[in-house]
Amino acid sequence: MFNNSNTKVQTFVSDDLVIDLKPDQKPKPGKMMELAKDQSAIIIDDFNFDGTEDIALRNGNMGNYHSASYDVYVFNSTRMSFVKVKNLRNLHQTDLIFWC
557 MFNNSNTKVQ TFVSDDLVID LKPDQKPKPG KMMELAKDQS AIIIDDFNFD GTEDIALRNG
617 NMGNYHSASY DVYVFNSTRM SFVKVKNLRN LHQTDLIFWC
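Under the numbering used here, think of the first position of the sequence shown as 557, with each following residue one higher.
What follows is the structure, encoded as structure tokens:
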């Protein structure tokens with residue numbers, strides 16, 4: 557992740573990152589590809605309702621009916637960084653509407 561000055565401020569690593577491409581989508585090295593909302597590997601939203609944007613990284617299809625699942629990182633204003641939160645990770649498994 558980079559700030560407005562193009563300085564790296566944080567790195568996210570996921571061994572399970574998933575990008576779900578459609579059959580007609582072919583990735584090309586060095587080219588950007590527009591993804592539909594339901595294909596996104598990254599979601600930015602206020603997941604813990606504290607007024608600050610948080611990040612969710614797709615980690616597979618472990619949700620209800622094999623739907624998308626995510627690792628959630630909330631912004632910690634004391635550390636000034638995003639912190640992975642275990643108690644939000646399984647929220648998508650109990651609420652199908654959460655990611656709509």
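Backbone N, C-alpha and C fix where the C-beta goes; we use that ideal spot for every residue, glycine too.
- For Y626, DSSP records a beta bridge to R614.
- When the alpha-carbon of L613 is set against those of S596, R635 and H622, the nearest one is in S596.
- The straight-line gap separating the alpha-carbon atoms of D601 and D610 is approximately 5 Å.
- Check the Cα spacing between K578 and each of D571, D572, L591 and G586: the tightest is with L591.
- Judged by beta-carbon spacing, F558 lies within the 9 Å limit of V565, meaning their Cβ atoms are closer than that value.
- Here V639 is bridged, per DSSP, to V630.
- Between A624 and D594, the C-beta spacing is below 9 Å.
- Setting aside the 5 residues that flank it on each side, N604 is surrounded in the same chain by D610, V630, V641 and L644, each with a C-beta closer than 8 Å to its C-beta; the list follows chain order.
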